[in-house]
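S.K.: Numbering (this note's numbering), first residue to last: 691 to 774. Note that CB positions come from ideal geometry on N, CA and C, so glycine has one too. Computed from a predicted model, the values in this text were never measured in an experiment. Attaching a single structure in structure tokens format; questions to follow.
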């Protein structure tokens with residue numbers, strides 16, 4: 691039941707954000723974005739998402755392969771020296 695409520699809430703929030711985006715976009719009739727502005731906006735969104743997805747993939751890859759454990763080992767050794 692909680693799973694369905696979570697999905698319903700996420701869909702509601704997505705719909706609300708798209709409605710808000712559309713209402714703001716259509717409110718400013720005096721502002722006209724030409725081809726170059728739309729192209730720049732699209733390229734900016736694409737590369738922002740690409741970098742975000744890439745960094746998250748690296749985070750999961752690093753955590754799964756254990757590359758971060760050496761940093762934890764160094765921190766544990768430093769804490770042992772302080773205590774001892």
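In whole angstroms, what is the alpha-carbon distance linking residue 735 and residue 743?
M.R.: Distance between the alpha carbons of residue 735 and residue 743: 12 angstroms.
S.K.: What would DSSP say about residue 724, mapped onto helix, strand or coil?
M.R.: Residue 724 falls in the coil class under three-state DSSP.
S.K.: Give the DSSP-derived three-state secondary structure of residue 729 in the structure shown.
M.R.: Helix at residue 729.
S.K.: Where do the ends of the alpha helix (DSSP H) carrying residue 708 lie?
M.R.: Residue 708 -> alpha helix (DSSP H) spans 692–717.
S.K.: In whole angstroms, what separates the C-alpha of residue 731 from that of residue 718?
M.R.: Rounded to whole angstroms, residue 731 to residue 718 spans 17 angstroms at the Cα level.
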